[in-house]
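Some notes on the structure that comes next.
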Amino acid sequence: MTTEVLPTQLAAIRDDFLALEERDRLMLLLEFSNELPELPERYRDHTDLFERVEECQTPVYIFVEVEEDRSVHIFATAPRESPTTRGFVSIIAQGLDGLTVEQALDVPDDFPDSIGLRRAVSPLRLRGMSAMLARTKRQLRERAPH
Numbered sequence: 000m001t002t003e004v005l006p007t008q009l010a011a012i013r014d015d016f017l018a019l020e021e022r023d024r025l026m027l028l029l030e031f032s033n034e035l036p037e038l039p040e041r042y043r044d045h046t047d048l049f050e051r052v053e054e055c056q057t058p059v060y061i062f063v064e065v066e067e068d069r070s071v072h073i074f075a076t077a078p079r080e081s082p083t084t085r086g087f088v089s090i091i092a093q094g095l096d097g098l099t100v101e102q103a104l105d106v107p108d109d110f111p112d113s114i115g116l117r118r119a120v121s122p123l124r125l126r127g128m129s130a131m132l133a134r135t136k137r138q139l140r141e142r143a144p145h
């Protein structure tokens, strides 16, 4: 499990999960599922820009935008019928949005293991969340001005 310092918003998310009893962590994950931001108007008709996270059984799509000041914006979609997966992508989107490229790239790859859901969800689902983070980082490397 990660012991590195996390950006404030990711540390807060992790701490919120770890402050709960295991059985209540799934409820928080469901709350995140309901909080996945809607796509902005400029992307609603351009989902072709989004990358499918193939490691997820549920269709999850991610698109990363990098501003001139190197701040990061994460846009993602996942079906409402898949609240666990939708919750994971919401954590990634909310946790990384607004960070600098460098801060986002420095997020430990094992962050999904740090939120205390290992016994509450299947290893396949945690691997899916890790894949979401990995694809987000890859897109950042491709899109960030050097």
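At position 46 of the sequence shown (counting the first as 1) the number is 45 in numbering that gives the first Met the number 0, and the numbers step up by one without a gap. Note that the Cβ used here is the ideal one computed from N, Cα and C, for glycine as well. Since this is a predicted model, take the numbers as computed values, not measurements.
In DSSP terms, what residue i is bridged to
| i | result |
| --- | --- |
| residue 74 | 62 |
| residue 99 | 70 |
As assigned by DSSP and simplified to three states, the class of residue i
| i | result |
| --- | --- |
| residue 79 | coil |
| residue 50 | strand |
| residue 84 | helix |
| residue 8 | helix |
| residue 117 | coil |
| residue 109 | coil |
Contact under 8 Å by Cβ, residue i with residue j
| i | j | result |
| --- | --- | --- |
| residue 116 | residue 24 | yes |
| residue 32 | residue 94 | no |
| residue 125 | residue 112 | yes |
| residue 120 | residue 88 | no |
| residue 75 | residue 90 | no |
| residue 106 | residue 139 | no |
Take every Cβ of the segment 49-59, pair it with every Cβ of the segment 12-22, and state whether three or more of those distances are shorter than 8 Å.
no
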